[in-house]
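I have placed the structure first, in the form of C-alpha cells, so that the comments after it can refer back to it.
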Amino acid sequence: MQQGKTRVLSLLAVLTIAASATACGTATTTPNASGGASAAPDQTYPRAETLYTTGKQWGAPSTWNPLDPNAAMGVVGLQYETLFLYDPLKDVYTPWLAASGTWDTAKTTYTIKTRDGVKWSDTQAFTADDVAFTINLASIKAVGSNLLSYVDSATASDASTVVVKFKANPAYQEWQQWLYNSPILPKHIWSSKADENILKDTNANGVGTGPYMYKTASADRMVWVRNDAWWGAATNPVKPKYIVDIVNGANSVALGQLLAGNIDLSNNYFPGISQIVNGGYGITTYFKSAPYMLAGNTAVLVPNLTKPALKDAAFRKALATAINPDDIVTKDYGDIVQKADPSGLLPIFDKYIDKTQNAPLNYSFDTAKAKQMLAAAGYKAGSDGMVTNLDGSPLKLTLEVPDGWSDWMAAENMIAASAQAAGINVVATHPDFNTVVADRNRPDDATAPKFDLIINNDVQVGNTPWTWYDYVFRQPLPSGAGENRNYEGYKNDTAWGLVQQLDKTPVEDLTTMKSLCSQLQKIQLTDLPVIPLWYNGVWSQVSNSVWTNFPSDTGNQVMPATWNGYWQMGAINMLTQLQAVPPAK
Amino acid sequence: MSSVIASEPKAEQAPQSPGAAAAVPTPKPRGEFLYFALRSRKFLIASTILLILVGIAVLGPIIDSTNPNAQDGLMNQGPSLKAGYWMGSTSFGEDVFSQFANGLRATFFVGLLGGGLAALVGMAIGFTAGYRGGWIDEILNMVTNVFLVIPTLALLIVIASYLQRSWPEARGILFEAIFVGLTSWPWAARAIRAQTFTLRSRDFIDLAKLSGRRGWKIILQEIAPNMSSYLFMTFILLFGGAILIAASLDFIGLGPTNGMSLGLMMYNSLNYGAALFLGLWWWFIPPGIGIMATVGALYVMNVGLDEIFNPKLREI
Amino acid sequence: MRRYFGRKLLTYTLTLFIAATIDWLIPRFMPGDPVYGLMSRMGNNSSPEAAKALSDYYYNLFGLNQPIWQQYLNFWGGLLHGDLGRSVFEHGQPVTDAIMAAVPYTLALLIPAILLSWWAGNSFGALAARRKWLDNTMLPVGYILTATPYMWLGIVLAFVFGFTLKMFPFANSYGLNLEPSFTWLFFTDLVAHWMLPFLSLFLVMFGGWAIGMRNMIIYELDADYSRYLEALGAPQRLVRKYAFRNAMLPQITGLALQLGVIVAGSLVTEIVFSYQGVGLLLFNAIKSEDYFLLQGIFLFVIVGVLAANFLVDIAYVIVDPRTRVGMRGGTA
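Residue numbers (this note's numbering), protein chains in the order written: chain A, 94 to 678; chain B, 101 to 416; chain C, 2 to 333.
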C-alpha cells in the first residue's frame, strides 16, 4: 500500500514538471512569424544542424530588447543588425544593413544608402525610415546614448537614403562606433514603444532583419532558428539551422559538455585550457600555441591618485617597475594571455603605438631598479623593509579584485609579492564584486573614492584607440553608478584636449590619429596614471566534432565569440564559414 | 532551515526515543567504559580510522612541507613514489598530498570548533528551555525555529563582506568554523531540550530543588552529568555535520579564500581543473573519500558509543 | 485540539514574520549598491551622461529611491500579493516568475527522493534490524552513504554513468535539442535527465534513514513493553510490528528537522547537474550578487520549510495518539 502510494507520488511529481515545463514552453514559444520556415512546429533540433554555444549568458535570458545592454545572447547580431560590421582583426568596415555610407566634402553630412531587398521578419520592408527612427531614439534618456550630442538631425530623404546632419566638429570616431554597434529597429513596431519606459519591454520574439529568429528560451538556454528569408541567405547563408546558447553553470559542467561534444563553441574562461588543447581531446583554440586566444581587453592596475604616494608619478613608476607581468602570464594563465604593451593599446592597435618615441619611456620588471627609483624619489624603507610615505607615516596599499575571479586573485597575489620584494607594502584582498565597485566608483558628490589599487579591464576591443584614451583621461571626472572611465581620477587638460581632438578626427585620417595617439602615449608613459599589465583573451574553445572550420589564425581570421558586441565585430561571419562534419558511417 | 547545504547530523540517529527515559543512561565508571569500549567492534574500527586520519592531518604537513598552494611543481602528475608526488599533482602543479593533509587538518579543525560551538549553543538553549519551560521555553523554541529556517547562507555573505574590511581573515577557516558552529545547533537544542524535559520531573531533581540550589547549578551538577554520554554523542554528530556543511560552503564558492580544505580541494579540482573529466581522478577523489571516511567513522563511533553507554543494546 | 493548532499556528506565523524580516534586512545590509554592481557587470560603456540616465531608471525600477520604511512596507504589501520583487541581474524580471519556473524541477527532484528514500530506508533499516547478515553488510554501506557529501556523489555519478558509460545525460533538466511538449519523447527525456540528480539525493538520504530506523528498532525491541510482550508469549511478528510503529515517530520528527538540510542538499545537487531548479537559481543569484532574487529564493524556502514542518506536525498528531492527549496539558 505504502509502496503504491510513493510510486504514485513520484510519478505525479514527474508529470508535474512535464506539464509545467510544457506550459512554460508554450508560453514563450510562438509560431514563426515569417511564413518562410517549416509549418510544422519543430520540437527537436537535429544535432547536425544545431550549433551549441555557451559563455555569454550569466543568468536566464530575460530580455530581448536590443537597446538593453543586458539583452540575451545574439539579440544584437543574430536578430537585429547594424548598419556596418567592423572587423578589428583587419581594421575593415563592411556595409551590412547599409549599402554604403559617405561623408560630404565638408564632412558634416553623412549619407547612408540602405541595402536593397532587406525585409523584417514580419515581411515588412526595411527602409531608410527605420534608420532615421533608430537614430532619433537617442533622444530617449533610458536608451543611454549620447548620439544627439553630435548629431543634429537624421531624416530619410527617400526610401533608401538617410541624411544625417552633424553639429559642428562631429565626433567621427564615436559615430563610426555607433555605425557598427547599434542595432536598427523597425519603426512600424517600435514607434509606439518609444518613451522613457522603452527598456521595460522585454521584446521576446521580436521582429528583426537578421539571419536568426527567436525560437524559444528558458531558464537555462536561448534558442535561435535560422531566418531563411534573411537578405544574405542567397549569397552567403549561415550554416546552423538552430543556435542553442546555454546559460553558464558550474565550470565543470561546461567543460564536461564540451569534451563530450555536446557543446560546439565555449566562450568560458577555463583555467589550464592550454593543457587540454595539447592533450588530444579534439578541443582547439584560435591559435594552436601560446597565446591560444586573441586579445580582448587590457587588464590594468588602477591607482587612486588622491592617495599619498600613489599621487606621485615617480612612485607609480617604481611600482610599475616592481611588477612582473610575465610571471602572471606564465604561472597564472598558463600562457593563454600576453603581457600588455606599456601603452595599454591592444595588439590590433599596434599601428598607433609610437615605438621609437616610447622606447626610452617604457618600463620593465626590475626589482633592484624599482628600489633605486623609490630611494631617488625620497621614499625611505622603514624598520620592516617597506618604504614609508614621504612624511614618514607607514605606507600600506590595499589591492582589491572581486572575490571568485580566480585568475585575478592569483594575479593580485603575484603583484603584491613582487611589490613587497621591492619594498612597497601592497596587500592583496578580494571583497565581493559589489564592494569592489562601491570602493572603486567616485561618490556622486565627487569626493575621493575609497580604493588604493584595483585591477580593471573595462575597455573592450573595438574600432578606435579613442576608447582607450577616453577611458584613461576622461574629464570631468565621472562618478556614481554609471562611472566607467578614469577611475584613477587623473586630471590633465592637455591630454583631455588631445582625446577630444582624436574623437573629432575622421577615421580615414590615419596620420592625425597616429600623431595624436603618439602625444597621448607620451603623457601616459610619463605620468603613468594607470599601469597596463596583460591582455585578457577572447576566450574561445571549440570541439570540432559536429562543426568545423571555426576561426583560427591559420584559417578564417574572425572573432570567435558570442559575447555582446562581437557578432557585429565579424563573429557573424563565423556562422557562414562553419562546415558540418559529415556523419560517421 | 540551515540553508547551508549537506547533512546536519542525522537527528534520528541520536538515541532518543520519546517518552522513554531509558534513553538517558546512567553514568558509568571509567574502567567499565574501557572494558566495553575494547569489545565494541564499531567503536574500535571507527577509532582506528579516525586515528589514521588524524595522523595524516597532524604528521602529513610535517613530512611533506610543500605549500599546498604553491604552483611550482610538475603539472598533472599521477600518484607515484617520487617525492612531492605521492598523490600526484594538480593541473597547476600543486602537490595533492600536501593539499590533502592540510585539507584534512582544516576539516578536523572546522569539525572540532564548529561542532563544539554548536554543541555549546545547543546545550545552553536546550537546557534552559527544557528546564525552565513556560514562556522561556516558548521564546527559545521560536529562536530555534527561526534559526532552522532563516537563510544562513545569505547571512554568511553579509557577515563576511562586513568583516572583511576590519578583519581580512573573515573568509578564512576560523571564520567558517565559527559560522558553521553558530548556525548548526538548532536540532541539537531541540533534542537536548526534550531530554532535559524528561529528567526535569525526576525525583533527584526535585530533591535538588528542595535543597535550594539555583537553576543553573542544578543543570550543571545534576542534569548535564546524567546525560553526559548523550551530550558527547550529540557533539560527535555535530562534529560530522559541521564538516559536511563546511564542505558544501566551500563547494559553492563561499568557503575560505585563503588556505586549504577538503571542500576547497573538491571545488578547485572541478572548477579550475575539471579534474574528473580530464582523468585527474587523484585530485578529485581523495577529498571526497577523506570527508566520507571522517564523517562516516564519526557516525559509526556514535553508534558504538551508544552501545557502550547503553547496556541493553550490547546484547544484540 | 483547536487550542493546540491555534498555538502552533501562532508560533509559525511569528516565526515566519521574524524570518521574513531578517530576510528582507539582509540585502539592505549588503555592502555596496546593487545598481552600481549591475551597471558595472553589464559592461556598460555608454558615455557618463547616458549612464546616469540608465542608473536612474534602475533605481526607480527596483524601488530603491524610496525611503527605507516605505521599502519595508512595499515588501510586505508585495508579499501578500505573491510579489517577491524584481531580480537585479535579470533585467528586473519578477522574482516570483523566476522562482515559479524553477520550483517544479526542484519539487520533482525532492518529493520522490524524500518519500522514496524515507520509505525505502525505513523498510530496509527495519529489515536489517532482524537479519544479522543484512545488518552487517547494510550498516557500513549506510554509514558511507550518509557521510558522503551530496555534490561529490553527484559528480561521481555524472562522471561514471553520464560521461563515461553514457547511460544518462549529466547536465540540464531536459535535452538541449528539445522543446517542452506533451510527447512521449519529451517525457522520457525528462526522466532520463532527472535520473542522476535523483539518484544522488536518494542514495545519501537512504543511508541516513536506514541507519536511523535500524537503530530505533533495536531500541524499541529492548524497551520494556517489548520485553513484556515477549514474556507474555506474544508472537515475534506482533512485537516487531509495535516496535516498528514506535520507531516511526522519531523518524517523522527527523524528517521535519531534516527538511531544511534536504532542501540544501538538493541545491548543490542541482548545481552539479545544471538542473534548472531553485538551487541553480540560487547559485546564479549568489554569483551575480542578485540580492533581491536571493531574498526571494530564501523567503520561498523559508515558507516551504515552515509549511512542510506544519504538515509533519499534523502527521505526528495523527500517528501518535499520545500527542493528542498531551496537547491539552501543554507539556512536550
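Cβ coordinates follow ideal geometry from the N, Cα and C atoms, glycine included. Please read all numbers here as calculations on a predicted model, not as lab measurements.
DSSP-derived helix/strand/coil call for E407 of chain B:
On the second sequence, position 307 is the one that residue 407 of chain B refers to. In this structure, E407 of chain B counts as helix in the three-state DSSP scheme.
Can you give me the Cβ contacts of K464 of chain A inside the same chain, cut-off strictly under 7 angstroms, excluding the 5 residues immediately before and after it?
Taking the first sequence and counting its residues from 1, one reaches residue 464 of chain A at position 371. A515, G516.
Considering just the uninterrupted stretch of the alpha helix (DSSP H) at F279 of chain B, what are its terminal residues?
Locating residue 279 of chain B in the second sequence gives position 179, counting from the first residue. 273 to 283 is the extent of the alpha helix (DSSP H) around F279 of chain B.
Anything in chain A within Cβ reach of S180 of chain B, meaning under 9 angstroms, just list it in chain order.
Looking up residue 180 of chain B in the second sequence gives position 80. Within 9 angstroms Cβ-Cβ: nothing; S180 of chain B doesn't reach chain A, min ~19 angstroms.
Top-ranked residue by Cα proximity to N368 of chain B, from A:A415, A:D500, A:N239, A:S476:
Here residue 368 of chain B is taken as the residue at index 268 of the second sequence, counted from 1. Minimum Cα-Cα distance from N368 of chain B among the listed residues A:A415, A:D500, A:N239, A:S476 corresponds to A:D500.
Reduced DSSP category for K206 of chain A - H, G, I as helix; E, B as strand; rest coil
Looking up residue 206 of chain A in the first sequence gives position 113. In the structure shown, K206 of chain A sits in a strand (DSSP, three-state: E or B).
Quick check: the Cα distance between L212 of chain B and N310 of chain C, rounded to an integer number of angstroms?
Residue mapping note: residue 212 of chain B aligns to position 112 of the second sequence, counting from 1. Residue mapping note: residue 310 of chain C aligns to position 309 of the third sequence, counting from 1. Distance between the alpha carbons of L212 of chain B and N310 of chain C is about 30 angstroms.
Cut-off 7 angstroms between Cβ atoms - residues of its own chain near L10 of chain C, not counting five sequence neighbours on either side:
Locating residue 10 of chain C in the third sequence gives position 9, where the first residue counts as 1. Cβ contact annotation for L10 of chain C (same chain, cutoff 7 angstroms, sequence separation greater than five): none.
With a 10 Å radius around its C-beta and 16 neighbouring C-beta atoms as the bar for buried, classify T189 of chain C as buried or exposed.
By 1-based counting over the third sequence, the position of residue 189 of chain C is 188. Classification for T189 of chain C: exposed.
is_contact[R329 of chain C, chain B] using C-beta, thresh 8 angstroms:
What you label residue 329 of chain C is simply residue 328 of the third sequence in a count that begins at 1. Because the pLDDT at R329 of chain C is just 41, under 50, the model does not fix this residue reliably, and the value given afterwards should be weighed accordingly. At a cut-off of 8 angstroms between C-beta atoms, R329 of chain C does not count as an interface residue with respect to chain B.
Segments assigned alpha helix (DSSP H), at least 4 residues, entirely inside the stretch 221 to 256 of chain B:
Correct list: 234 to 249.
Is there a Cβ from chain C that is less than 8 angstroms from the Cβ of R140 of chain A?
The count along the first sequence starts at 1 and reaches residue 140 of chain A at position 47. So, interface residue.
Pick helix, strand or coil for K183 of chain A, following the three-state DSSP scheme.
Start at 1 with the first residue of the first sequence, and residue 183 of chain A comes out as number 90. Three-state DSSP puts K183 of chain A in coil, outside helix and strand.
Could you tell me the alpha carbon to alpha carbon distance between R140 of chain A and I19 of chain C, rounded to whole angstroms?
Reading the first sequence from its first residue, position 47 is the one you call residue 140 of chain A. Reading the third sequence from its first residue, position 18 is the one you call residue 19 of chain C. The straight-line gap from Cα to Cα measures roughly 51 angstroms.
Are the C-beta of D24 of chain C and some C-beta of chain B separated by less than 8 angstroms?
Numbered from 1 along the third sequence, position 23 holds the residue referred to as residue 24 of chain C. Yes, D24 of chain C lies at the interface with chain B (some Cβ there is under 8 angstroms from its Cβ).
With a cut-off of 8 angstroms, does the C-beta of G390 of chain B fall near any C-beta of chain C?
Position 290 of the second sequence, counting from 1, holds the residue named residue 390 of chain B. With its beta carbon at least 8 angstroms from every one in chain C, G390 of chain B lies outside the interface.
Can a CB atom of chain B be found closer than 8 angstroms to the CB of A333 of chain C?
Within the third sequence, numbered from 1, the residue matching residue 333 of chain C stands at position 332. For A333 of chain C, the predicted model reports a pLDDT of 33, less than 50, meaning its position is unreliable; a value from the coordinates is still stated below. Yes, its Cβ sits closer than 8 angstroms to a Cβ of chain B.
How many Å lie between S191 of chain B and G365 of chain A at the Cα?
Counting from one through the second sequence, the residue named residue 191 of chain B turns up at place 91. Counting from one through the first sequence, the residue named residue 365 of chain A turns up at place 272. The C-alpha of S191 of chain B lies about 7 angstroms from the C-alpha of G365 of chain A.
So, using beta-carbon positions, are S267 of chain C and L202 of chain C closer together than 8 angstroms?
Your numbering for residue 267 of chain C matches position 266 in the third sequence. Your numbering for residue 202 of chain C matches position 201 in the third sequence. Their beta carbons are under 8 angstroms apart, which means S267 of chain C touches L202 of chain C by this criterion.
If we define contact as Cβ-Cβ less than 8 angstroms, is F192 of chain B a contact residue for chain A?
The residue labelled residue 192 of chain B in the question sits at position 92 within the second sequence. By the rule that beta-carbons nearer than 8 angstroms mark a contact, F192 of chain B touches chain A.
With 9 angstroms as the limit, tell me which residues of the stretch 357 to 375 of chain A have their beta carbon closer than that to any beta carbon of chain B; keep them in chain order.
Of all residues in the stretch 357 to 375 of chain A, only F363, P364, G365, Q368, I369, G372, Y374 place a beta-carbon less than 9 angstroms from a beta-carbon of chain B.
Answer with yes or no whether the minimum CB distance from K53 of chain C to chain A is below 8 angstroms.
Counted from its first residue, the third sequence places residue 53 of chain C at position 52. In terms of beta-carbon proximity, K53 of chain C lines the interface with chain A, with at least one pair separated by less than 8 angstroms.
Using a Cβ cut-off of 8 angstroms, pull out every chain B residue sitting near N344 of chain A, in sequence order please.
Within the first sequence, numbered from 1, the residue matching residue 344 of chain A stands at position 251. Listed along chain B, the residues sitting closer than 8 angstroms to N344 of chain A by beta-carbon distance are L370, N371, Y372, A374.
With 8 angstroms as the threshold, decide whether the Cβ of S638 of chain A is near any Cβ in chain C.
The residue labelled residue 638 of chain A in the question sits at position 545 within the first sequence. Proximity of S638 of chain A to chain C, defined by a Cβ-Cβ separation below 8 angstroms, is not satisfied.
Per DSSP, what are the beta-bridge partners of A249 of chain A in this structure?
Looking up residue 249 of chain A in the first sequence gives position 156. Answer by DSSP bridge pairing, in chain order: A:V255.
I need the DSSP call for S189 of chain B, collapsed to helix, strand or coil.
As a working note, residue 189 of chain B is residue 89 in the second sequence. DSSP, reduced to helix, strand and coil, places S189 of chain B within a strand of the structure shown.
Note down, in chain order, every chain C residue with its Cβ under 7 angstroms from the Cβ of D596 of chain A.
Indexing the first sequence from 1 puts residue 596 of chain A at position 503. Those within 7 angstroms of D596 of chain A in chain C number zero; the least Cβ separation is about 11 angstroms.
Determine the burial state of W92 of chain A: buried for a count of at least 16 other Cβ atoms within 10 Å of its Cβ, exposed for fewer.
The question about residue 92 of chain A has no answer, for chain A in this structure spans 94 to 678.
Report buried or exposed for M60 of chain A, applying the criterion of at least 16 other Cβ atoms within 10 angstroms of its Cβ.
It is not possible to answer for residue 60 of chain A, since the shown part of chain A is limited to 94 through 678.
Could you name each continuous beta strand (DSSP E) segment of 3 residues or more that falls completely within the stretch 298 to 375 of chain A, going from the start of the chain to the end?
Within the stretch 298 to 375 of chain A, the complete beta strand (DSSP E) runs of at least 3 residues are 305 to 311, 314 to 319, 335 to 339.
Check the Cβ-Cβ distances between V302 of chain C and every residue of chain A, and say whether any is below 8 angstroms.
Numbered from 1 along the third sequence, position 301 holds the residue referred to as residue 302 of chain C. Any Cβ of chain A closer than 8 angstroms to the Cβ of V302 of chain C would place that residue at the interface, and such an atom is absent.
By alpha-carbon positions, which one of A:T604, A:V185, A:I291, A:I547 ends up nearest to P79 of chain A?
Residue coverage of chain A in this structure runs from 94 to 678, which leaves residue 79 of chain A outside it and unanswerable.
Tell me the rounded alpha-carbon separation between M139 of chain C and I336 of chain B.
Residue numbering aside, residue 139 of chain C sits at position 138 when the third sequence is read from its first letter. Residue numbering aside, residue 336 of chain B sits at position 236 when the second sequence is read from its first letter. C-alpha separation (whole angstroms): 22 angstroms.
As a quick exercise: from A:A510, A:T557, A:Y426, pick the residue whose alpha carbon is nearest that of E267 of chain A.
For the purposes of this step, residue 267 of chain A is taken as residue 174 along the first sequence, with counting starting at 1. Among A:A510, A:T557, A:Y426, the Cα nearest to that of E267 of chain A belongs to A:T557.
Return helix, strand or coil for K260 of chain A, following the three-state DSSP convention.
The count along the first sequence starts at 1 and reaches residue 260 of chain A at position 167. For K260 of chain A, the three-state secondary structure derived from DSSP is coil.
For P352 of chain B, report the span of its beta strand (DSSP E) as first-last.
Your numbering for residue 352 of chain B matches position 252 in the second sequence. For the sequence presented, residue 352 of chain B should be read as Ile rather than Pro. Looking at the DSSP string, I352 of chain B is not in any beta strand (DSSP E), and its letter there is neither H nor E.
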